[in-house]
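Numbering (the numbering used here), first residue to last: -9 to 742. Ideal Cβ positions, reconstructed from N, Cα and C, are used throughout, including at glycine. Contents: one structure, followed by commentary.
The following block contains the structure:
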């Protein structure tokens, strides 16, 4: 048992704070040292700064290791350990609880910043000390936040009712949605990308301070490519995680926290192309400096939105309000202010710009068109993501709908595809096409594929335009890749990434436009024929040691005969039912089976329907319309009431009734009432609700229709996702193209 110190502190907390404090002081000394080296060039100061940097890194590593020890020792006296772990978690998920909370992700950010600092020390430390100064300044701010929100705080410091020295028998546990192998991979990958943006920012600040507006390009270029590659990889992993875990059948939902990682990626990809133009032609100097700083500041802004509690009611990914708003706001204000001061005092605005090459149809114009599309998208997404913040100025905070983003997605995608087509077939300085044969063949390929899409049922003009442009972009860039692979393979990276974009867009179009789904009610042991061509039989529930029961289904159809195991279980953590889909992946299509509800045999004489607000469904003579939820919150009870309009179509005169079945949580137990439909034998009962998405699962019971043996009933939604494999293939090709480009840029720069 940890030694208690007067005031309720323990040796664990004291030692943890000591590690962070040492890292903080060392980071301050290192920052001051690198600043003085920039001003005076003294070797002794450089050695002091370097050693202080090493000490900071040691403090960070010790803090991380010490927290990990507390996690694996199940020391639930430490609030962070109590809040995110439990004894039932296997070591795989126990390890991932390190970054399940804010404090852990800040430590992760610091760790990656230390790794990048070591690389910079070895490459540009003596010649660019100001780069390391700004790296240290970021580390100082994050360490200051950790001193304010201590990861080693004891549970009695957080909860007043907990007595000093109390040890909880178990922890609160990890959210079931996070108990997934992707939890071990996705967040660390994303933070590799987030923290890499501060390296590019440091190069921008160094360039402004030194008024060296061209020299920074060569050194920053590999870092920009690396940052874009890793951020993109993190976004892709998150999308795939959502697809195979959440059960709604998609991979991108314009969730505000998803968007907060998308914005810096868009800006960084724009910067990658802008640096190429500047290196070749000397133009876009101001634009690139703004993009380099903007990507990092977008990370800070996204961090504020997700950690301040602003998005707590609008995103399942965000953290609750944590008391860090002042620190996070200062983080943004200080670094935005420093950038603006340097930018306006550097003389960059009075510097004449370098015009683009002759004519309109040249590579610079094509690449800038793509950059412009990326920047506009970033601005639009940032505006929508920040809506809960600025709408509170006018009343209740509001989030924008997905339609807000969809309005811009088609024209922006068209512009990006046009840029992907133009850039490879035109020269830097000479206007006009370079490879007319490749353009002609690509255009013909686009026509053929678009005709096939039309024959297969796509009639929307914009969808056909996107199909055509995506195929042409894919073909044009693939021709360049093939040509370069035989001569200069390393230079093929950018074009290979463009091929990936083309493949991905084709996959998005086919999987969304040809998507078909059907809801099935499956009595146990009775095969049901789907209109999509699949025979599905519910065999029964399979118990799991972790309590996450699986439904065993036998599926016969286009992908052969196989067994599917979607999960449907009650979670004590969320106090609600959780569902995970079964995804049978194929080359031409995925079969996606998502659970809706499970009804045991003693309640199985019923029809289960799922409704969203405003939707209607029929069950026998009943027409049911779901109007809205009425939610009440009490000290001991949480209750949700569904307002339904039920039309009874019996006799000569249909009658409509307003019925209000309820479901409530009391003392950890979920209970629902049964409401009789007047004038009938039918009764209604709520099975489950999702108030945030406005969804309701309703059981319609009719005891007069009993017949035969009662059976368990499992309801699912079965979907086909044609060619969704192209989405994943395209993303892999995109990332591999970035990786190849990174190798080329690193070799070209000589030093990173």
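In or out: residue i buried (at least 16 other Cβ within 10 Å) or exposed?
{"i": "residue 469", "result": "buried"}
{"i": "residue 263", "result": "buried"}
{"i": "residue 548", "result": "exposed"}
{"i": "residue 742", "result": "Its pLDDT being 47, under 50, residue 742 is placed unreliably by the model, and the measurement read from it follows with that caveat. Counting Cβ neighbours within 10 Å, residue 742 comes out buried, since at least 16 surround it."}
{"i": "residue 579", "result": "buried"}
{"i": "residue 316", "result": "exposed"}
{"i": "residue 622", "result": "exposed"}
{"i": "residue 117", "result": "exposed"}
{"i": "residue 90", "result": "buried"}
{"i": "residue 447", "result": "exposed"}
{"i": "residue 149", "result": "exposed"}
{"i": "residue 380", "result": "exposed"}
{"i": "residue 94", "result": "buried"}
{"i": "residue 356", "result": "buried"}
Quick test of your reading: residue i and residue j, contact by CB under 8 angstroms. State the CB separation rounded to the nearest angstrom.
{"i": "residue 66", "j": "residue 198", "result": "Not a contact, Cβ separation roughly 49 angstroms."}
{"i": "residue 338", "j": "residue 257", "result": "With 8 angstroms as the limit, residue 338 and residue 257 do not qualify as a contact, their Cβ atoms being about 18 angstroms apart."}
{"i": "residue 444", "j": "residue 704", "result": "No, residue 444 and residue 704 are not in contact; Cβ-Cβ is about 39 angstroms, not under 8 angstroms."}
{"i": "residue 522", "j": "residue 719", "result": "Incorrect: roughly 24 angstroms between the Cβ atoms, too far for contact."}
{"i": "residue 115", "j": "residue 56", "result": "Rounded, the Cβ-Cβ distance is 29 angstroms, inconsistent with contact."}
{"i": "residue 191", "j": "residue 260", "result": "Rounded, the Cβ-Cβ distance is 15 angstroms, inconsistent with contact."}
{"i": "residue 500", "j": "residue 314", "result": "Rounded, the Cβ-Cβ distance is 44 angstroms, inconsistent with contact."}
{"i": "residue 363", "j": "residue 410", "result": "Wrong, their Cβ atoms sit about 10 angstroms apart, outside the cutoff."}
{"i": "residue 371", "j": "residue 249", "result": "5 angstroms"}
What are the start and end residues of the alpha helix (DSSP H) that includes residue i?
{"i": "residue 51", "result": "33 to 62"}
{"i": "residue 680", "result": "Per DSSP, residue 680 belongs to no alpha helix (DSSP H); it is in the beta strand (DSSP E), 673 to 680."}
{"i": "residue 528", "result": "Residue 528 -> not in any alpha helix (DSSP H); beta strand (DSSP E) instead, spanning 525 to 532."}
{"i": "residue 351", "result": "No alpha helix (DSSP H) holds residue 351; DSSP gives it neither H nor E."}
{"i": "residue 501", "result": "483 to 503"}
{"i": "residue 451", "result": "451 to 475"}
{"i": "residue 276", "result": "275 to 297"}
{"i": "residue 378", "result": "377 to 380"}
{"i": "residue 150", "result": "Premise fails: residue 150 is in no alpha helix (DSSP H) and is neither H nor E."}
{"i": "residue 24", "result": "1 to 30"}
{"i": "residue 259", "result": "246 to 271"}
{"i": "residue 158", "result": "That residue, residue 158, is in no alpha helix (DSSP H); it is neither H nor E in DSSP."}
{"i": "residue 551", "result": "Taken as a continuous stretch (DSSP letters only), residue 551 belongs to no alpha helix (DSSP H), being part of the beta strand (DSSP E) at 550 to 554."}
Can you give me the Cβ contacts of residue i inside the same chain, cut-off strictly under 8 angstroms, excluding the 5 residues immediately before and after it?
{"i": "residue 575", "result": "715"}
{"i": "residue 681", "result": "619, 621, 630"}
{"i": "residue 612", "result": "636, 637, 638, 639, 667, 670, 672, 690"}
{"i": "residue 454", "result": "440, 443, 444, 448"}
Could you tell me the distance, in whole angstroms, from the CA atom of residue i to the CA atom of residue j?
{"i": "residue 97", "j": "residue 268", "result": "36 angstroms"}
{"i": "residue 433", "j": "residue 489", "result": "15 angstroms"}
{"i": "residue 291", "j": "residue 664", "result": "47 angstroms"}
{"i": "residue 19", "j": "residue 179", "result": "30 angstroms"}
{"i": "residue 42", "j": "residue 188", "result": "20 angstroms"}
{"i": "residue 367", "j": "residue 112", "result": "37 angstroms"}
{"i": "residue 202", "j": "residue 272", "result": "13 angstroms"}
{"i": "residue 449", "j": "residue 401", "result": "18 angstroms"}
{"i": "residue 297", "j": "residue 318", "result": "8 angstroms"}
{"i": "residue 152", "j": "residue 61", "result": "20 angstroms"}
{"i": "residue 412", "j": "residue 472", "result": "18 angstroms"}
{"i": "residue 143", "j": "residue 320", "result": "23 angstroms"}
{"i": "residue 415", "j": "residue 428", "result": "8 angstroms"}
{"i": "residue 582", "j": "residue 735", "result": "41 angstroms"}
{"i": "residue 26", "j": "residue 241", "result": "49 angstroms"}
{"i": "residue 30", "j": "residue 494", "result": "52 angstroms"}
{"i": "residue 745", "j": "residue 702", "result": "Residue 745 cannot be examined here, being either before or after the span of the chain that is shown, -9 to 742."}
{"i": "residue 17", "j": "residue 23", "result": "10 angstroms"}
{"i": "residue 4", "j": "residue 558", "result": "44 angstroms"}
Within its chain, find whatever has a CB closer than 7 angstroms to the CB of residue i; leave out the 5 residues flanking it on each side and keep chain order.
{"i": "residue 216", "result": "186, 732"}
{"i": "residue 221", "result": "183, 251, 254, 255, 258"}
{"i": "residue 353", "result": "413, 416, 417, 418"}
I'd like the span of the beta strand (DSSP E) that includes residue i, first residue to last.
{"i": "residue 541", "result": "540 to 547"}
{"i": "residue 580", "result": "579 to 589"}
{"i": "residue 513", "result": "506 to 513"}
{"i": "residue 664", "result": "664 to 666"}
{"i": "residue 649", "result": "645 to 649"}
{"i": "residue 557", "result": "557 to 561"}
Please work out which residues of its chain come closer than 6 angstroms, Cβ to Cβ, to residue i, disregarding the five sequence neighbours upstream and downstream, and give them in chain order.
{"i": "residue 689", "result": "596, 598, 675, 677"}
{"i": "residue 86", "result": "173, 174"}
{"i": "residue 487", "result": "724, 727, 728"}
Residue i CB to nearest chain E CB: under 8 angstroms?
{"i": "residue 467", "result": "This model lacks chain E altogether; it includes just one protein chain."}
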